[in-house]
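Top to bottom, those sequences are chains A and B.
Going by my numbering, 268 is the number at position 187 of the first sequence; the sequence numbering is gapless.
Going by my numbering, 123 is the number at position 42 of the second sequence; the sequence numbering is gapless.
For every residue, glycine included, the Cβ atom is placed at its ideal position computed from N, Cα and C.
Number of protein chains: 2
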Amino acid sequence: MKKIAILGTGSVAQIVAEKLVELGYEVTLGTRNVSETLAKPENKMAARPAFKVWMDNNPGIKLSTLSEAAAWGELLINATQGVGSVHALKAAGNNNIKGKVLLDIANPLDFSKGMPPSLTVCNTDSLGETIQREFPDVKVVKGLNTMTAFLMVNPSLVPGNHNVFVCGNDASAKTDVIELLKKMGWNDKSIIDMGDISSSRATEMLLPIWVRLWGKLQTPMFNFNIVVANK
Amino acid sequence: MKKIAILGTGSVAQIVAEKLVELGYEVTLGTRNVSETLAKPENKMAARPAFKVWMDNNPGIKLSTLSEAAAWGELLINATQGVGSVHALKAAGNNNIKGKVLLDIANPLDFSKGMPPSLTVCNTDSLGETIQREFPDVKVVKGLNTMTAFLMVNPSLVPGNHNVFVCGNDASAKTDVIELLKKMGWNDKSIIDMGDISSSRATEMLLPIWVRLWGKLQTPMFNFNIVVANK
Chain A
82 MKKIAILGTG SVAQIVAEKL VELGYEVTLG TRNVSETLAK PENKMAARPA
132 FKVWMDNNPG IKLSTLSEAA AWGELLINAT QGVGSVHALK AAGNNNIKGK
182 VLLDIANPLD FSKGMPPSLT VCNTDSLGET IQREFPDVKV VKGLNTMTAF
232 LMVNPSLVPG NHNVFVCGND ASAKTDVIEL LKKMGWNDKS IIDMGDISSS
282 RATEMLLPIW VRLWGKLQTP MFNFNIVVAN K
Chain B
82 MKKIAILGTG SVAQIVAEKL VELGYEVTLG TRNVSETLAK PENKMAARPA
132 FKVWMDNNPG IKLSTLSEAA AWGELLINAT QGVGSVHALK AAGNNNIKGK
182 VLLDIANPLD FSKGMPPSLT VCNTDSLGET IQREFPDVKV VKGLNTMTAF
232 LMVNPSLVPG NHNVFVCGND ASAKTDVIEL LKKMGWNDKS IIDMGDISSS
282 RATEMLLPIW VRLWGKLQTP MFNFNIVVAN K
């Protein structure tokens with residue numbers, strides 16, 4: 082699969098898109114409103130230029146509507162905000178996404194009550210499960226959601242072993258995602274297959290400690306490493 | 082402080098008690114019903130002998146009611162099941178616990194819907210916060226709740242660096258707990274002060290992935306290591 086559609090146009094979508102182009106993929110970002118996205122100003126907090134400037138600097142990356150991007154893509158990545166993910170996938174259209182692998186890297190963060198955010202769904206459900214339930218014909222794989230975007234696509238930014246968690250019901254979809262992760266620099270030891278999509282609960286529930294560690298460490302450039310006793 | 086009262090008599094309480102005696106502390110376990118506890122049979126699943134056999138093998142450890150143990154202890158450890166912790170502390174009696182440091186190592190696990198357990202409280206609240214709110218005169222410090230009991234008291238069982246998280250509102254209470262952790266073998270690099278007691282949400286929410294990793298790795302002898310990029 083060489084055509085990857087990324088749903089979302091924020092900093093996470095952009096950082097992942099840049100890496101995929103570098104790896105030789107064709108990439109289209111999908112947005113609810115193309116002209117509004119093209120008018121997005123510089124985001125100093127996230128150190129991102131105006132969207133149009135970024136597009137000009139990355140001529141290989143295309144922008145289109147959610148439905149056009151989803152119809153075109155052979156593999157889909159959900160990089161929308163968690164609270165809007167189901168809505169964005171409905172706008173993408175079930176006919177355009179069905180049967181495809183959807184790598185869900187979003188988190189159901191609730192910033193409505195200030196910092197640190199809580200989760201809009203957790204414990205007995207998750208965003209990954211919600212998407213799989215709403216779109217049963219899509220092969221949802223949860224992954225990469227437990228770290229900052231730069232680290233997703235360049236694990237060597239943090240030294241030594243550390244982990245990326247993969248959850249999903251479809252074995253071949255997980256194989257496709259794991260192949261993509263390996264191209265991004267993740268090795269066999271670092272990739273942990275957590276089981277079915279219900280494991281998304283467990284990985285999304287890492288976000289509360291992630292956010293607090295971010296504040297504590299004063300850098301987002303860290304990750305979880307699961308260390309096991311020698312047998 | 083040389084006298085430590087542990088509320089609870091299960092395998093976690095026993096493993097922590099053994100270590101504290103080894104370190105030179107006086108230890109009393111508190112239970113709701115002394116005679117019932119003394120009659121507890123062997124627990125093959127947890128590889129624990131009958132309670133009376135364990136007591137005979139550990140003559141330095143005393144057993145008494147929750148209120149007697151709490152009144153006697155200079156530092157308290159909550160090793161009861163999370164769902165029963167507030168009830169146990171009420172039975173211990175506010176007059177017996179007020180002003181004291183309470184190291185809360187329990188988790189609000191809900192096994193009522195089968196495995197893996199969910200949490201009875203999370204996201205916008207936690208067991209640590211619940212206890213601090215119910216007993217405002219107690220200095221609650223959440224810690225050690227993110228790993229198996231053998232590792233709590235012997236971190237070298239897992240090689241290399243890995244972390245223990247400490248949360249609490251009272252700085253001197255955290256200092257007391259950190260001193261105890263160091264005696265158990267935790268070093269400065271491994272101890273992360275997460276901030277106030279609301280951070281208990283974040284550390285208790287590690288349990289869902291802990292439980293699934295336990296199943297995946299087929300051993301409870303693992304821990305989280307936070308790996309940070311070099312500056």
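Presumed contact (8 Å Cβ cut-off) between residue i and residue j, rounded CB distance
{"i": "Leu287 of chain A", "j": "Ile273 of chain B", "result": "Incorrect: roughly 15 Å between the Cβ atoms, too far for contact."}
{"i": "Glu215 of chain B", "j": "Val167 of chain B", "result": "5 Å"}
{"i": "Ser227 of chain A", "j": "Thr300 of chain A", "result": "Looking at the sequence shown, residue 227 of chain A is not Ser but Thr. The pair is not a contact, with the Cβ atoms about 16 Å apart (cut-off 8 Å)."}
{"i": "Lys100 of chain B", "j": "Val234 of chain B", "result": "4 Å"}
{"i": "Val313 of chain A", "j": "Phe303 of chain B", "result": "Shown here, chain A extends from 82 to 312; a query on residue 313 of chain A therefore has no answer."}
{"i": "Asn204 of chain A", "j": "Asn204 of chain B", "result": "7 Å"}
{"i": "Glu210 of chain A", "j": "Ser281 of chain A", "result": "6 Å"}
{"i": "Gly141 of chain B", "j": "Ile186 of chain B", "result": "Not quite, the Cβ-Cβ distance comes to about 20 Å (not below 8 Å), so this is no contact."}
{"i": "Ala172 of chain B", "j": "Arg113 of chain B", "result": "6 Å"}
{"i": "Thr118 of chain B", "j": "Phe132 of chain B", "result": "6 Å"}
Helix, strand or coil at residue i according to DSSP, with G and I counted as helix
{"i": "Asn226 of chain A", "result": "coil"}
{"i": "Val292 of chain B", "result": "helix"}
{"i": "Val164 of chain B", "result": "helix"}
{"i": "Asn304 of chain A", "result": "strand"}
{"i": "Asn139 of chain A", "result": "coil"}
{"i": "Ala252 of chain B", "result": "helix"}
{"i": "Leu184 of chain B", "result": "strand"}
{"i": "Asn175 of chain B", "result": "helix"}
{"i": "Asp191 of chain B", "result": "strand"}
{"i": "Leu119 of chain B", "result": "helix"}
{"i": "Gly209 of chain B", "result": "helix"}
{"i": "Val219 of chain A", "result": "coil"}
{"i": "Val66 of chain B", "result": "With chain B covering 82 to 312 only, the question about residue 66 of chain B has no answer from this structure."}
{"i": "Val239 of chain B", "result": "coil"}
{"i": "Val258 of chain B", "result": "helix"}
Burial state of residue i, where buried means 16 or more other Cβ atoms lie within 10 Å
{"i": "His243 of chain A", "result": "buried"}
{"i": "Ala160 of chain B", "result": "buried"}
{"i": "Met275 of chain A", "result": "buried"}
{"i": "Leu104 of chain B", "result": "exposed"}
{"i": "Ser279 of chain A", "result": "buried"}
{"i": "Gly241 of chain B", "result": "exposed"}
{"i": "Lys125 of chain B", "result": "exposed"}
{"i": "Asp122 of chain B", "result": "The question names Asp, but residue 122 of chain B is Pro in the sequence shown. Flag for Pro122 of chain B reads exposed."}
{"i": "Lys194 of chain A", "result": "exposed"}
C-beta contact flag for residue i and residue j at 8 Å
{"i": "Leu144 of chain A", "j": "Leu88 of chain A", "result": "no"}
{"i": "Ala310 of chain A", "j": "Val102 of chain B", "result": "no"}
{"i": "Val93 of chain A", "j": "Ala252 of chain A", "result": "no"}
{"i": "Val222 of chain A", "j": "Ala254 of chain A", "result": "yes"}
{"i": "Ala86 of chain A", "j": "Thr109 of chain A", "result": "yes"}
{"i": "Asn250 of chain B", "j": "Asp218 of chain B", "result": "no"}
{"i": "Val245 of chain A", "j": "Leu261 of chain A", "result": "no"}
{"i": "Pro198 of chain B", "j": "Leu190 of chain B", "result": "yes"}
{"i": "Trp135 of chain B", "j": "Gln162 of chain B", "result": "no"}
{"i": "Leu184 of chain A", "j": "Ile178 of chain A", "result": "no"}
Limits of the beta strand (DSSP E) - the one that residue i falls within
{"i": "Lys143 of chain B", "result": "142-146"}
{"i": "Val202 of chain A", "result": "That residue, Val202 of chain A, is in no beta strand (DSSP E); it is neither H nor E in DSSP."}
{"i": "Ala128 of chain A", "result": "First-last for Ala128 of chain A: undefined, no H or E at that position."}
{"i": "Leu157 of chain A", "result": "156-159"}
{"i": "Gly276 of chain A", "result": "272-276"}
{"i": "Val108 of chain A", "result": "107-112"}
Continuous alpha helix (DSSP H) stretch holding residue i: start and end
{"i": "Ala94 of chain A", "result": "92-103"}
{"i": "Ala86 of chain A", "result": "Not the alpha helix (DSSP H): Ala86 of chain A falls in the beta strand (DSSP E), residues 84-88."}
{"i": "Ala283 of chain A", "result": "281-285"}
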